[in-house]
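FYI, in UniProt numbering the residues of the sequence shown are 1 to 278.
Every residue, glycine too, gets a C-beta built ideally from N, C-alpha and C.
Contents: one structure, followed by commentary.
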Amino acid sequence: MASTARRDGTPEYVPKAKPARHQHVKGTSPAHHSGEGIRLQKVLAAAGVASRRMSEKLIDEGRVEVNGDIVTRQGVRVDPDYDVIRVDGSRVVVDESMQYFALNKPRGVQSTMHDDMGRPCVGDIVGEKVDAGQRLFHVGRLDAATQGLLLLTNDGELANRLIHPKYGIKKTYLATVLGEVDKKDLRRLTQGIELDDGTARADDADIIDVWQGRSLVKVVLHEGRKHIVRRMLKAAGFPVQELVRTKIHTVQLGEQTPGTLRALNRSELTSLFNAVDM
1 MASTARRDGT PEYVPKAKPA RHQHVKGTSP AHHSGEGIRL QKVLAAAGVA
51 SRRMSEKLID EGRVEVNGDI VTRQGVRVDP DYDVIRVDGS RVVVDESMQY
101 FALNKPRGVQ STMHDDMGRP CVGDIVGEKV DAGQRLFHVG RLDAATQGLL
151 LLTNDGELAN RLIHPKYGIK KTYLATVLGE VDKKDLRRLT QGIELDDGTA
201 RADDADIIDV WQGRSLVKVV LHEGRKHIVR RMLKAAGFPV QELVRTKIHT
251 VQLGEQTPGT LRALNRSELT SLFNAVDM
């Protein structure tokens with residue numbers, strides 16, 4: 001993809017945010033003390049942020065940080081696997097071993113990489129990558145009867161933060177339910193539904209369609225209790241017939257068909273990292 005142009009005619013940089021292997025915020029890596037490592041502008045260029053000349057300009061403008069410190073001196077050496085590098089606040093690290101995927105999990109497939117009972121599972125779909133030595137694991141779960149977006153990665157730090165309640169990552173579902181939902185029912189979902197393990201509240205809920213005694217409802221929520229969407233709608237008097245997760249934070253299922261896998265793009269990764277303070 002071609003870089004966009006800034007007003008001065010120079011190409012704008014394109015962020016490529018990836019997590020470092022260590023979560024350092026301050027201090028310097030051994031590369032700084034030994035004189036070893038790779039020149040910062042070369043690391044930025046290799047990451048696809050900008051050309052080496054433009055990377056030097058970003059450094060001159062004070063837009064680059066290493067381990068929380070703004071760097072304005074040319075020639076600083078860094079260790080890409082150790083140092084936390086950011087441009088305009090977005091992390092930039094070269095680590096091609098990190099993988100991030102969006103899977104449209106089909107109905108009837110278990111959210112596991114292996115199933116002891118021999119049932120179809122996510123591991124069957126991504127088997128080639130697993131066989132190649134790539135240890136992917138899923139971020140959160142979907143029950144077997146639910147279709148939709150499941151994130152897969154080998155980045156344990158990101159995965160743990162995405163499911164941690166502290167960050168309140170929102171997930172969007174489309175539910176086909178029995179019964180004709182009205183605005184009063186939506187208010188019940190957002191104000192709180194009493195379940196056997198406590199009150200559950202949707203962050204947002206909308207009616208997409210109502211037809212022949214059924215409704216299509218969009219539910220957005222950030223908590224991850226087991227079967228939470230199904231239980232909320234059943235408690236509200238609307239048993240779920242079909243359920244699809246369509247969105248996690250800003251990552252959307254879009255036109256992706258069931259059983260297909262795609263790599264997350266740079267903007268999706270940056271958004272996820274920013275959402276969990278990485």
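A direct Cα-Cα distance of roughly 17 Å separates G192 from K226. By the C-beta criterion, the stretch 212-222 is judged not to be in contact with the stretch 152-160, since fewer than 3 inter-stretch pairs fall below 8 Å. Under the 8 Å Cβ criterion, the stretch 235-248 counts as touching the stretch 136-147, having at least three qualifying pairs. For the pair A50 and L58, the CB atoms are nearer than the 8 Å cut-off. In this structure, the alpha-carbon of R91 lies about 44 Å from that of F238. Scanning the stretch 152-220 from its first residue to its last, the whole beta strand (DSSP E) runs of 3-plus residues come out as 171-178, 193-195, 198-200 and 204-211. Residues of the same chain with a CB within less than 8 Å of the CB of T190, apart from the 5 flanking positions on each side, are R201, A202, D203, D204 and A205 in chain order. The stretch 253-263 makes contact with the stretch 94-113; the number of CB pairs closer than 8 Å reaches 3 or more. Within the model, the alpha-carbon separation for R63 versus T199 is close to 45 Å. If you draw a straight line from the Cα of V276 to the Cα of R230, it comes to about 27 Å. Straight-line measurement puts the Cα of V251 at about 9 Å from the Cα of S267. Shown here, N274 sits in a helix according to DSSP, grouped into three states. With a cutoff of 8 Å on beta-carbon distance, V219 and E180 are scored as not near each other. Spanning the alpha carbons of R135 and V76 requires a straight line of approximately 34 Å.
Collapsing the DSSP output to three states places L243 in a strand. Here N265 is not bridged, per DSSP, to any residue.
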